[in-house]
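K.L.:
Pasting the structure below:
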């Protein structure tokens with residue numbers, strides 16, 4: 010277990026153990042590849058700890074089968090770690106222009122409403138809100154409401170949000186924010202996504 014020393018110890022009245030076990034809001038944003046991949050890596054760790062996991066996939070195609078979905082579903086049903094529920098909210102693509110995704114707006118709102126219900130009921134220990142930064146960035150879901158709901162969530166629920174252009178108030182509120190930059194990408198040289206790498 011890493012024994013890093015914090016640069017600042019907050020005056021919050023918590024013991025070191027209480028602070029260590031505080032539930033986190035994690036944001037993976039930026040134009041680089043790997044935001045969702047990193048979130049699903051956290052889901053694997055949560056599964057290994059026996060935590061119930063809820064994946065809410067916003068915006069990406071409901072027909073699109075990401076490799077992590079099949080793997081996590083199999084693991085969740087294995088009875089060896091935590092359970093896994095996978096919810097698909099949209100039918101479009103996260104990088105398509107907003108005007109082409111108007112049908113997704115209602116689905117994104119419905120998805121957020123379900124996340125709020127699950128947070129209130131403490132349904133999961135880890136929530137992966139994949140591509141959820143987009144509905145906030147586009148104004149489909151109110152960022153201030155999201156921050157308010159996350160701030161007041163009960164229990165010990167960790168929330169990971171992915172997607173480009175994470176809104177400032179969310180970034181400011183989150184406990185852990187990673188901005189994934191792009192140095193090079195095969196698509197820049199005309200190579201399309203490939204099996205085993207993109208899905």
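Numbering (this note's numbering), first residue to last: 10 to 208.
Glycine is no exception: its CB is placed at the ideal position from the N, C-alpha and C atoms.
This one's a predicted model, so the numbers in the text were calculated from it and none came from an experiment.
Using DSSP's beta-bridge definition, name the partner residues of residue 135.
P.N.:
Within the chain shown, numbered from 1, the residue matching residue 135 stands at position 126. Paired residues: 62 and 167.
K.L.:
Whose C-beta lies closer than 7 Å to the C-beta of residue 80 among residues of the same chain, with five residues either side of it excluded?
P.N.:
Along the chain shown, one-based indexing puts residue 80 at 71. Nothing meets the Cβ criterion.
K.L.:
Express the C-alpha separation of residue 90 and residue 106 in angstroms, rounding to a whole number.
P.N.:
The count along the chain shown starts at 1 and reaches residue 106 at position 97. The count along the chain shown starts at 1 and reaches residue 90 at position 81. At residue 106, the pLDDT of 48 sits below 50, so the modelled position is not reliable; the number obtained from the coordinates is stated separately. Approximately 39 Å, taken between the alpha carbons.
K.L.:
Relative to the C-alpha of residue 147, which candidate in 96, 78 and 175 has its C-alpha closest?
P.N.:
Against the chain shown, residue 147 aligns to sequence position 138. Looking at the Cα atoms, 175 is the closest of the given residues.
K.L.:
Anyone know if the C-beta pair for residue 128 and residue 152 falls short of 7 Å?
P.N.:
Position 119 of the chain shown, counting from 1, holds the residue named residue 128. Position 143 of the chain shown, counting from 1, holds the residue named residue 152. The answer is no: Cβ separation not under 7 Å.
K.L.:
What residues in its chain sit with their C-beta under 7 Å from that of residue 155, if we drop five residues either side in the sequence?
P.N.:
Taking the first residue of the chain shown as position 1, residue 155 is located at position 146. Only 145 and 179 meet the Cβ criterion.
K.L.:
What first and last residue would you give for the alpha helix (DSSP H) that runs through residue 56?
P.N.:
Here residue 56 corresponds to residue number 47 of the chain shown, with the count starting at 1. Residues 44–57.
K.L.:
Got a sec? Which residues, its chain only, sit under 6 Å from residue 104 by beta carbon, not counting five neighbours each side?
P.N.:
Start at 1 with the first residue of the chain shown, and residue 104 comes out as number 95. Below a pLDDT of 50, predicted positions are generally treated as unreliable, and residue 104, at 44, falls in that range; no measurement from the model is reported.
K.L.:
Nearest-angstrom Cα distance between residue 168 and residue 196?
P.N.:
The residue labelled residue 168 in the question sits at position 159 within the chain shown. The residue labelled residue 196 in the question sits at position 187 within the chain shown. Cα to Cα, residue 168 sits roughly 30 Å from residue 196.
K.L.:
Should residue 68 and residue 140 be called a contact, given that it needs their Cβ atoms to be closer than 7 Å?
P.N.:
By one-based count along the chain shown, residue 68 stands at place 59. By one-based count along the chain shown, residue 140 stands at place 131. A contact, by the Cβ cut-off of 7 Å.
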